[in-house]
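Undergrad: Just so you know, our numbering puts 320 at position 97 of the sequence shown, and the rest follows in order with no gaps.
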Amino acid sequence: MVSIGRFRLDRPAWAVVLALGAVTACAAGRLRAAEAWPDQRVLGPFVCRADFPLAQIEGVLGDLRQLQSDLASDLKLPPANAWIEVYLFRDKATYDRYLVRHFPQVPYRRALYIKSDGRGKVLAHRGPEFEIDLRHECTHALLHAALPAVPLWLDEGLAEYYETAREQRATGGSHRSAVCWSARLGTLPRLAELEKKRELQEMGRGEYRFAWAWVHFMLHDSPELRKQLVEYLSDLRDGQAFDTLGQRIEARIPSAQERFTSHWKAWTR
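(1) How close, in whole Å, do the beta carbons of ALA303 and GLN291 come, if the pair is a contact with beta carbons under 8 Å?
(2) According to DSSP, simplified to helix, strand and coil, what is ASP356?
(3) Straight-line CA distance for GLU386 to GLY396?
(4) List the endpoints of the continuous alpha helix (DSSP H) containing ASP422.
(5) What do you get for GLU281, buried or exposed, if any count of 16 or more other CB atoms within 10 angstroms of its CB means buried?
(6) Starting from the C-beta of ALA436, find all residues in its chain whose C-beta is less than 6 Å away, skip the five residues before and the five after it, and write them out in chain order.
(7) Please name the residue or residues paired with LEU266 in a DSSP beta bridge.
(8) Given that a residue counts as buried once 16 or more other Cβ atoms are within 10 Å of its Cβ, and exposed if not, what is LYS450?
(9) What ranges does the beta strand (DSSP E) occupy inside the segment 292 to 333, keeping only unbroken runs of at least 3 residues that lie completely in it?
(10) For ALA479, does the count of other Cβ atoms within 10 angstroms reach 16, so buried, or fall short, so exposed?
(11) Whole-angstrom Cβ separation of ARG333 and GLU360, contact assumed at under 8 Å?
And the structure:
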């Protein structure tokens, strides 16, 4: 059985909850069982298998090593205690053939994060968006390895944020220009609007853009806002999040919406 979860409409990708159990010595057994893969490597919680030499993408592998540390540092999330199996392909053709053989019922996407037979898997092929896709899907995997559930908008907003190269997260991001224009035009949405989205079909390009914008705002505007985000994730982990993050911020920081707009207007100067 294949379980399919969240995906992005503006950038092809799937994401699902990963729950594989504690990280133990069974990784060695899994690697031995995957002898057909020309190269394979364990990077923290990631078990990477590739049909090309992994030495060709040391920079990407470095990103994966760093990603868990970044989520722990920024969001105070605990290390993943479940394996994240990552399958990498040298080109689109080999990736396509693998999907047809193993996941024929899954609608085609450029990168996938699925749960199949109780195991979480990330699949991607080398191409123009390879590094971005891989960081995005592995962010989903790390979030769901640490949390029992994540609100849709926050799940995607965090993945959009951490898909950006580490040195560009604070100042860059593919959504920055459009968000700045929305700020100038006075059309930035309230967080409550994003929190109403329950189905992936409701998440369009704009929703992903503004989910990223709210995450960026909370991480970079002030320590107070970052604290609210970190505490909310902690409560999600402990099953104590009985409100939404928007409700919590509105109650504790009434000026948050105005600050959100000011945060992005400042980038247009």
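Where is the CB? At the ideal position from N, CA and C, for every residue including glycine.
Since the structure is predicted, the reported quantities are computational estimates derived from the model, not experimental observations.
TA: This is what the structure gives:
(1) As a working note, residue 303 is residue 80 in the sequence shown. As a working note, residue 291 is residue 68 in the sequence shown. At roughly 6 Å, the Cβ-Cβ gap stays under 8 Å, so ALA303 and GLN291 are in contact.
(2) By one-based count along the sequence shown, residue 356 stands at place 133. Reduced to three states, the DSSP call for ASP356 is helix.
(3) What you label residue 386 is simply residue 163 of the sequence shown in a count that begins at 1. What you label residue 396 is simply residue 173 of the sequence shown in a count that begins at 1. Roughly 9 Å between the two C-alpha positions.
(4) The residue you call residue 422 lines up with position 199 of the sequence shown. Per the sequence shown, residue 422 should be read as Glu rather than Asp. GLU422 -> no alpha helix (DSSP H), and no H or E assigned at all.
(5) On the sequence shown, position 58 is the one that residue 281 refers to. By the 10 Å Cβ count, GLU281 comes out exposed.
(6) Counting from one through the sequence shown, the residue named residue 436 turns up at place 213. Excluding sequence neighbours, ALA436 sits near VAL402.
(7) Counted from its first residue, the sequence shown places residue 266 at position 43. According to DSSP, LEU266 bridges with PHE269.
(8) The residue labelled residue 450 in the question sits at position 227 within the sequence shown. Classification of LYS450: exposed, given that the 10 Å Cβ count is below 16.
(9) 307 to 312
(10) Here residue 479 refers to the residue found at position 256 of the sequence shown. By the neighbour-count rule (16 or more Cβ atoms within 10 Å), ALA479 is buried.
(11) Translated into the one-based positions of the sequence shown, residue 333 becomes position 110. Translated into the one-based positions of the sequence shown, residue 360 becomes position 137. ARG333 to GLU360, Cβ: 10 Å. No contact.
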